[in-house]
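Taking it in order: structure first as structure tokens, then the write-up.
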Amino acid sequence: MGSDSRMHAAGAAEGQQALRRAERQRVSRILHDEVGPSLCSAGLMLGLVESAGAGLDAESRSLLESIRGALESTVDSVRRLSYQSDPDIAARCGLESALQLLAAGENATIVFPSGPAAFPAAQAEVICLTVGDLLHTWPGRALRLEVTPSGVLLTAPPDCRVPAPSGLALAQTAAGAGMVFAVSESAEATTVSLTAGRAN
-10 MGSDSRMHAA
0 GAAEGQQALR
10 RAERQRVSRI
20 LHDEVGPSLC
30 SAGLMLGLVE
40 SAGAGLDAES
50 RSLLESIRGA
60 LESTVDSVRR
70 LSYQSDPDIA
80 ARCGLESALQ
90 LLAAGENATI
100 VFPSGPAAFP
110 AAQAEVICLT
120 VGDLLHTWPG
130 RALRLEVTPS
140 GVLLTAPPDC
150 RVPAPSGLAL
160 AQTAAGAGMV
170 FAVSESAEAT
180 TVSLTAGRAN
């Protein structure tokens, strides 16, 4: 019975990850194919207004500049979110750039003490998935991510905890890519490690 329960939990976790992956792909595609182009079109129209508004007073020109700044900031945010939500971000950008994009706007430090680390595509995807999930779980917390050829180690404040369902799902996904997912919690820190094994 215990074995059946574990198999059921593993199957449920795998199914949940597949659904989340499909949803992330959908969101990334909408941001890239619909929202992004719409914002770019708005930028072009704003440019036409600016060109035709040579005789505008200072207050109106200042307002247009403010709108331009807000629009450019929104375009940058949508572009970043499109990358961050893409489950194939590692293949799309390379692991180092992908991790930097995932951590953009967060209080996270990423270090490569041995230089750039290369992983099989499936393992790089799991690393990005895990890091993205934990950044979402612990927004704004001071995190340190160390990436070496053998895997990754994420260190968080001691009050950061990995929810059990999320931990199970991440462990199952890691195992499918030939990696070992482990969590260690102490009074000093919470650490999450992904150790690379032989990719399946």
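Under our numbering, read the sequence shown as residues -10 to 189, first letter to last. Beta carbons: idealized from backbone N, C-alpha and C, even for Gly.
According to DSSP, residue pairing for GLY140 in a beta bridge involves THR137 and THR184.
Separation of LEU8 and LEU37 (C-alpha to C-alpha, rounded to the nearest whole angstrom) is 43 Å.
Taking GLY25 as reference, the option from ILE56, ASP75, SER66 and ASP46 with the minimal CA-CA separation is SER66.
Between the region 127 to 136 and the region 156 to 173 there are fewer than three C-beta pairs closer than 8 Å, too few to call the two in contact. The beta carbons of LEU143 and VAL120 sit closer together than 8 Å.
According to the DSSP secondary-structure assignment, MET168 is paired through a beta bridge with ALA185. For ALA176, there is no enclosing beta strand (DSSP E), as DSSP gives it neither H nor E. In summary, GLU23 is exposed, with fewer than 16 beta-carbon neighbours lying within 10 Å of its beta-carbon over all protein chains present. Within the region 84 to 163, the runs of alpha helix (DSSP H) at least 4 residues long that lie entirely inside it are, in chain order, 84 to 92 and 110 to 126. Annotation: LEU53 to THR63 spans about 15 Å, alpha carbon to alpha carbon. Three or more Cβ pairs closer than 8 Å define a contact, and the region 105 to 125 meets that threshold against the region 76 to 94.
Judged by DSSP in its simplified three-state form, LEU28 adopts helix. In this model, ARG10 and GLU177 are separated by some 33 Å (Cα to Cα).
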